[in-house]
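Following: one structure in structure tokens, then a few remarks.
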Ligand code: SF4
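Numbering (this note's numbering), first residue to last: -7 to 236.
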């Protein structure tokens, strides 16, 4: 190994340790953390059946929120306290898409503010960004009771509003957090997250990165390493220096 390769490796290790500290890992995961699909890094998977949002007229986020109104398009309206539309920079270069609001989000009317949300905030910080720099939203805007996964018909009812949000923001990179967002954005039904993450896909004009939901990281800390690998690719795509 040359001295520059050694320096790069040491720098990468230091960055990873710093990321672990940022997101609260006290012990480094050992074993079983090979990055699936790593050989596909920087590749692009183009999906021919992807519909994107070309049929939608471009609106501002406030116009889209107004159109959503006091929505009763699916049964989730019956149990929600708040519609959690999304928040952040309307011209963000980076958008995170989760699954749906949880209890804290339903109470506060804001996305990703519970434990998983706090972890996402730390991940964004580790990427040298702040929440106000990015945009954060979910596939469904109302909390599924008991935090169950949204049903396909609920996703179908709410999806046009996510598509419009993404068209309006037109980000360079979209990060799908978890399988619900991934299935919707890539129009897939049966898939393994490990096979799709670690490489860029395409959604309209945006590069699409698949990664694990922060709630999954809380349950299984060994997933933090692949998430950091994914976020490093996103940083590189956005021209954010990983070292230093
Ligand atoms: S989840 Fe979406 S479609 Fe269903 S009621 Fe809420 S805002 Fe409307």
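Ideal Cβ positions, reconstructed from N, Cα and C, are used throughout, including at glycine.
| Asked | Found |
| --- | --- |
| Minimum C-alpha distance to residue 199 - residue among 213, 125, 104 and 228 | 228 |
| Per DSSP, cross-strand counterpart(s) of residue 79 | 128 |
| Any non-hydrogen atom of ligand 1 closer than 6 Å to residue 74 Cβ | no |
| Cβ-heavy atom distance, residue 150 to ligand 1, below 6 Å | yes |
| Run of the alpha helix (DSSP H) containing residue 104, from where it starts to where it stops | Run containing residue 104: none; DSSP gives neither H nor E here. |
| Distance cut-off 6 Å: residue 133 Cβ against heavy atoms of ligand 1 | yes |
| Residue burial classification, residue 41 (beta-carbon count within 10 angstroms, cutoff 16) | Its pLDDT being 39, under 50, residue 41 is placed unreliably by the model, and the measurement read from it follows with that caveat. Per the 10 Å Cβ criterion, exposed. |
| Whole-Å CB distance - residue 57 paired with residue 77, under 8 Å assumed | 5 Å |
| Separation of residue 75 from residue 54, as counted between CA atoms | 14 Å |
| From 105, 201, 156 and 150, residue whose alpha carbon lies closest to that of residue 237 | Residue 237 falls outside the range modelled here, since the chain spans only -7 to 236, and no answer is possible. |
| Option in 175, 226 and 180 with minimal Cα separation from residue 190 | 226 |
| 7 Å Cβ cutoff met for residue 65 and residue 149 | yes |
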